[in-house]
Ligand SMILES: Cc1ncc(COP(=O)(O)O)c(C=O)c1O
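Numbering (UniProt numbering), first residue to last: 1 to 464.
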């Protein structure tokens, strides 16, 4: 007997839908295939400036960059509404891993256009929500991490909020948290306390006490490891039983793309294990970008992964946790987990990451990193005053430009933007410039063109 067919599957397979997808693909290819980097069109400039001004008025503050996308691009290239086409080396701070207007992605996203709902959430989960949760748990466990559950949500901040609720419920009586110096956790009231930037919590009430542990210093490896363990020890003995967990970014994102070897994290994790304090990896920026799907896998810290959050390139964010921490019903829920579009994209991206040769010492992420680094290092040898670094790992690339001061770095970013490369700052002392390229799209030629523009921009600024 034939399998009963769902109407939804019959609809997706309908020849008109299949044909519509082909027509969309063709139209997209025709309109985007000749996009190359270009300057703004003079005739669009006045309207563009007015639109930016109106947006600034409405938001209450101007945008960081004068960026209003037109809605089309090709690979790493993105068209703005002023007619310019730029290399997007920041991808919405790590979100657009497929780059812009990827035909294969547009193809699968057409299924979201004909799906019954725009959003999915607590009372409205479609099959994609299940499939994404299943893939994330399977990926998270592939080297043995004890993670059994996945709770989807709409933003990195919400994934971290959910993780904190799970942790506090799991550790009754705890009311503090441990984090690293220069941590970034997100923008909610609680997370702004864990984020180690006073200006991000200016005027906000203190919510949760945070004990900051110094991060690894590669110039003083042994001393910094000793200092970190000593600080942790001090906090654990000063506030016994008071910590819900230690939130760690294994590659600090906003903190400047600093990371540490296995031994540094393992020393802290062993202390935490002995004290019974859960270990919490915030992988919202690192997920997918290092030399393994999760940075804790690259660093072989799987056994310590008690709770993990992901976001950005996954399109839908998530909190992963083990059986022991399963929260009581009622603790976590929400109207929206994500849009159907985001969930279908998440499924597509997870599949590509798993099967696209991105990981390992010679995977695509490592190759992308090396291609940038070779150019940065060459430029440094010729002009040591222009560039220092590189820092980061895999698809997280950072360098310090000129004197690395916040003002000069902002100027470099502005000049790069005008010259056709979108990048962003990381860290504050010194300020580093980071690239989070679209890993599924960026080509070696694009990396070379970006490096050419970077070199010309730095040389010009240095000569001023
Ligand atoms: C490490 C880390 N945690 C949390 C967040 C917050 O994520 P979202 O901006 O999606 O709320 C970010 C965002 O930059 C991040 O880099």
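Virtual Cβ for every residue (Gly too), placed ideally from N, Cα, C.
At a threshold of 6 Å, does residue i count as lining ligand 1 (C-beta to nearest heavy atom)?
i           : result
residue 405 : no
residue 186 : yes
residue 423 : no
residue 156 : yes
residue 311 : yes
residue 249 : yes
residue 253 : yes
residue 284 : yes
Pull up the distance between the alpha-carbon of residue i and that of residue j, whole angstroms please.
i           : j           : result
residue 254 : residue 68  : 23 Å
residue 269 : residue 383 : 41 Å
residue 395 : residue 366 : 7 Å
residue 306 : residue 44  : 52 Å
residue 5   : residue 111 : 17 Å
residue 101 : residue 73  : 5 Å
residue 266 : residue 206 : 31 Å
residue 465 : residue 204 : Any property of residue 465 remains undetermined from this structure, which presents the chain solely from 1 to 464.
residue 263 : residue 209 : 27 Å
residue 332 : residue 123 : 13 Å
residue 151 : residue 258 : 28 Å
residue 172 : residue 34  : 59 Å
residue 274 : residue 312 : 33 Å
residue 250 : residue 183 : 10 Å
residue 315 : residue 95  : 7 Å
residue 418 : residue 41  : 13 Å
residue 391 : residue 328 : 42 Å
residue 433 : residue 400 : 6 Å
residue 347 : residue 90  : 22 Å
residue 411 : residue 200 : 22 Å
residue 430 : residue 130 : 43 Å
residue 32  : residue 87  : 14 Å
What are the start and end residues of the alpha helix (DSSP H) that includes residue i?
i           : result
residue 462 : 444-463
residue 298 : 295-298
residue 111 : 103-113
residue 346 : 340-355
residue 227 : 221-238
residue 156 : 156-170
residue 265 : 262-275
residue 410 : 406-419
residue 18  : 15-32
residue 55  : 42-59
residue 129 : 127-140
Taking the beta strand (DSSP E) that residue i falls in, what are its first and last residues?
i           : result
residue 390 : 387-393
residue 94  : Where residue 94 is concerned, there is no enclosing beta strand (DSSP E), although the alpha helix (DSSP H) it sits in stretches over 91-94.
residue 380 : That residue, residue 380, is in no beta strand (DSSP E); its alpha helix (DSSP H) goes 364-382.
residue 188 : No beta strand (DSSP E) holds residue 188; DSSP gives it neither H nor E.
residue 79  : 77-80
residue 177 : 176-180
residue 88  : 85-88
residue 279 : 279-283
residue 321 : 317-321
Return the Cβ separation of residue i and residue j in integer angstroms, given the expectation that the two are a contact with Cβ distance under 8 Å.
i           : j           : result
residue 295 : residue 309 : Their Cβ separation, rounded to whole angstroms, is 12 Å, which puts residue 295 and residue 309 out of contact at 8 Å.
residue 442 : residue 75  : 7 Å
residue 180 : residue 244 : Incorrect: roughly 16 Å between the Cβ atoms, too far for contact.
residue 149 : residue 321 : 5 Å
residue 371 : residue 444 : 6 Å
Grab me the residues of residue i's own chain with a C-beta within less than 6 Å of its C-beta, minus the 5 sequence neighbours each way, in chain order.
i           : result
residue 135 : 350
residue 451 : 375
residue 402 : 408
residue 160 : 185, 186, 191 and 309
residue 15  : none
residue 260 : 216
residue 23  : none
residue 380 : 387
Among residues of its own chain, excluding the 5 on either side of residue i, which ones have a beta-carbon nearer than 7 Å to its beta-carbon?
i           : result
residue 231 : 213 and 214
residue 227 : 214
residue 163 : 280, 307, 309 and 319
residue 344 : 108, 109, 111, 112 and 128
residue 70  : 79, 80 and 81
residue 361 : 291
residue 239 : 176
residue 299 : 250, 262 and 265
What does a CB cutoff of less than 8 Å around residue i pick up in its chain, not counting 5 residues either side in sequence?
i           : result
residue 368 : 394, 395, 397, 437, 439, 442 and 447
residue 63  : 52, 55 and 56
residue 36  : 77 and 85
residue 336 : 119, 120, 121 and 154
residue 12  : 111 and 114
residue 357 : 363 and 364
Does any CB atom of chain C fall closer than 7 Å to the CB of residue i?
i           : result
residue 139 : Reference to chain C is not applicable here, since this structure consists of a single protein chain.
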